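Undergrad: There's a structure below that I have some questions on.
Number of protein chains: 2
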Amino acid sequence: MTTLSPAAAADRTGVSIDTLRYYEREGLIGPIGRSAGGRRVYTEEDVFWIGLVTCFREAGLGIADLREFVAILRSDHSPQDRVVFLRSRRAALEERVAALHRAIGVLDEKIAYYG
Amino acid sequence: MTTLSPAAAADRTGVSIDTLRYYEREGLIGPIGRSAGGRRVYTEEDVFWIGLVTCFREAGLGIADLREFVAILRSDHSPQDRVVFLRSRRAALEERVAALHRAIGVLDEKIAYYG
DNA sequence: CTCGGATCTGGAGCGCGCTCCAGGTCAAGT
DNA sequence: ACTTGACCTGGAGCGCGCTCCAGATCCGAG
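Residue numbers (the working numbering), protein chains in the order written: chain A, 461 to 575; chain B, 461 to 575.
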């Protein structure tokens, strides 16, 4: 199984080493395995999960939101509970999309005015 | 012409008095007129402009972005320059929409998995 | 005229999400 | 063995966007 050093993981994910440690402290990823000497060893699975976290961060979710997300997915909640949670998160993201479209609409008005 | 006290303006716009002052300091709105005694007097036009700023804030634009936006719209730039700027802002917002859709897609996968 | 609530200013404080630093450890090359 | 560089931990620092506070001023109600 291929594993990655902290530097390699940072390179692969586009997330800085400091931020990877921060995410781990906050419970968003990991816990990450360690080598005999105590260095972090990232698996492909870790990298995948970091990708998910990054995706949500880019979408504007906060650290607390993601912590909750991780907690729900890893807990022993029923599939129904998970779906309820996931749908509520989805609705929140749709509302952000709507806010963006409102702003884009304003820009389009201005562009039409000057264009 | 109807004008509004700070409290009324805050009530109408949903923006706190402190934040209205902050936006004014930062050059996002105003300058707001003053009464004989030095209190702020908000016009309907001010309220409209605050609405625009709020719209962009809700869409995730930062204070610096909005300051630039205001500066461009108020300056004597040519219509072409304004349109170029507005289009670049529009593209940035579209990218945010794309990021949100990626995240929504991830949620949909999870929902499909559990649902 | 007095009282109390709204507002003023300048500046401090705060939560978030990193980012950086000091001081020490581990590991590979020479 | 020695050097060098990546990595470790705990904690400080920072930029953003407010939010709150102290102390002073204004102004409408009684």
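C-beta: ideal position from N, C-alpha, C; glycine also. Everything numeric in this text was worked out from a predicted model, so none of it was measured.
#1: Hey, is B:Tyr-574's beta-carbon within less than 8 Å of any beta-carbon in chain A?
#2: Since B:Phe-516 meets chain A, which of its residues come closer than 8 Å, beta carbon to beta carbon?
#3: On the CB-based measure, 16 or more other CB atoms within 10 Å of its CB, does B:Tyr-502 come out buried or exposed?
#4: Between the Cα of A:Pro-466 and the Cα atoms of A:Ser-535, A:Leu-488, A:Val-507, which residue gives the shortest distance?
#5: Can you say whether B:Ala-572 is buried or exposed, counting buried as having 16 or more other CB atoms within 10 angstroms of its CB?
#6: Candidates B:Arg-494, B:Arg-499, B:Ile-489: which alpha carbon is nearest B:Val-513's?
#7: What residue from B:Arg-549, B:Thr-479, B:Leu-567, B:Arg-562 has the CA that sits closest to A:Ile-564's CA?
#8: Within 8 Å (strictly less), CB to CB, does A:Arg-472 reach chain B?
#9: Between A:Ile-510, A:Ala-559, A:Arg-527, which has its C-alpha nearest B:Gly-520's C-alpha?
#10: Quick one: residues in its chain with C-beta nearer than 8 Å to the C-beta of A:Arg-517, no 5 flanking neighbours on either side, listed in chain order?
#11: Kindly list, in the order they appear in chain A, the residues whose Cβ is closer than 8 Å to that of B:Arg-550.
#12: Using a threshold of 8 Å, state whether the C-beta atoms of A:Val-557 and A:Ile-510 are closer than that.
#13: Could you say which of A:Tyr-574, A:Ala-551, A:Lys-570, A:Ile-532 lies nearest to B:Ser-538 if we only look at CA atoms?
#14: Identify the contact partners of B:Gly-522 in chain A, using a Cβ-Cβ distance below 7 Å as the criterion.
#15: Write down the C-beta distance between A:Arg-542 and A:Ile-532 rounded to the nearest angstrom, noting that I regard them as a contact closer than 8 Å.
#16: Which residues in chain B sit within 7 Å of A:Val-557, going by Cβ to Cβ distance?
#17: Check this for me: beta carbons of B:Ala-468 and B:Ile-477, under 8 Å apart or not?
#18: Taking the straight line between their C-alpha atoms, what separation do you get for A:Gly-493 and A:Phe-529?
#19: Considering A:Thr-473, what are the terminal residues of the alpha helix (DSSP H) in which it resides?
#20: Please classify A:Thr-514: does DSSP put it in a helix, a strand, or coil?
#21: Can you give me the C-alpha to C-alpha distance between A:Ala-496 and A:Thr-479, rounded to a whole angstrom?
#22: So with CB distances below 7 Å, who are the chain B contacts of A:Arg-547?
#23: Output the distance between the C-alpha atoms of A:Glu-504 and A:Leu-464, rounded to the nearest integer angstrom.
#24: Using beta carbons (cut-off 8 Å, strictly below), is B:Ala-519 in contact with chain A?
TA: Result, derived from the coordinates:
#1: Against chain A, the CB of B:Tyr-574 has a partner CB under 8 Å away; the residue lies at that interface.
#2: Residues of chain A with a Cβ closer than 8 Å to the Cβ of B:Phe-516 are, in chain order, Ala-563, Val-566.
#3: B:Tyr-502 should be labelled buried.
#4: Distance check between A:Pro-466 and each of A:Ser-535, A:Leu-488, A:Val-507 places A:Val-507 closest, using alpha-carbon atoms only.
#5: So B:Ala-572 ends up on the exposed side.
#6: Of all alpha-carbon atoms in B:Arg-494, B:Arg-499, B:Ile-489, the one lying nearest the alpha-carbon of B:Val-513 is that of B:Ile-489.
#7: Looking only at B:Arg-549, B:Thr-479, B:Leu-567, B:Arg-562, the smallest Cα-Cα distance to A:Ile-564 is reached by B:Arg-549.
#8: Chain B, which has no Cβ nearer than 8 Å to the Cβ of A:Arg-472, makes this no.
#9: A:Ala-559 is the residue among A:Ile-510, A:Ala-559, A:Arg-527 whose C-alpha sits nearest the C-alpha of B:Gly-520.
#10: The beta carbon of A:Arg-517 is closer than 8 Å to those of Leu-526 in its chain, skipping five residues each way along the sequence.
#11: In chain order, Ile-564, Leu-567, Asp-568, Ile-571 make up the part of chain A whose C-beta sits under 8 Å from the C-beta of B:Arg-550.
#12: No, the pair does not count as a contact, with Cβ atoms beyond the cut-off.
#13: Of A:Tyr-574, A:Ala-551, A:Lys-570, A:Ile-532, the residue nearest in Cα terms is A:Tyr-574.
#14: Residues of chain A passing the Cβ test: none, with the nearest at roughly 12 Å.
#15: A Cβ-Cβ separation of about 6 Å places A:Arg-542 in contact with A:Ile-532 under the 8 Å criterion.
#16: Going along chain B in sequence order, the residues near A:Val-557 (Cβ under 7 Å) are Val-557, Leu-560.
#17: In this structure, the beta-carbon distance from B:Ala-468 to B:Ile-477 does not fall below 8 Å.
#18: If I take the Cα positions, the gap works out to 22 Å.
#19: Counted as a single uninterrupted DSSP element, the alpha helix (DSSP H) harbouring A:Thr-473 occupies residues 466–473.
#20: The three-state secondary structure of A:Thr-514, taken from DSSP, is helix.
#21: So the two alpha carbons sit approximately 23 Å from each other.
#22: Those within 7 Å of A:Arg-547 in chain B are Ile-571.
#23: So the two alpha carbons sit approximately 8 Å from each other.
#24: Chain A contact via Cβ: present.
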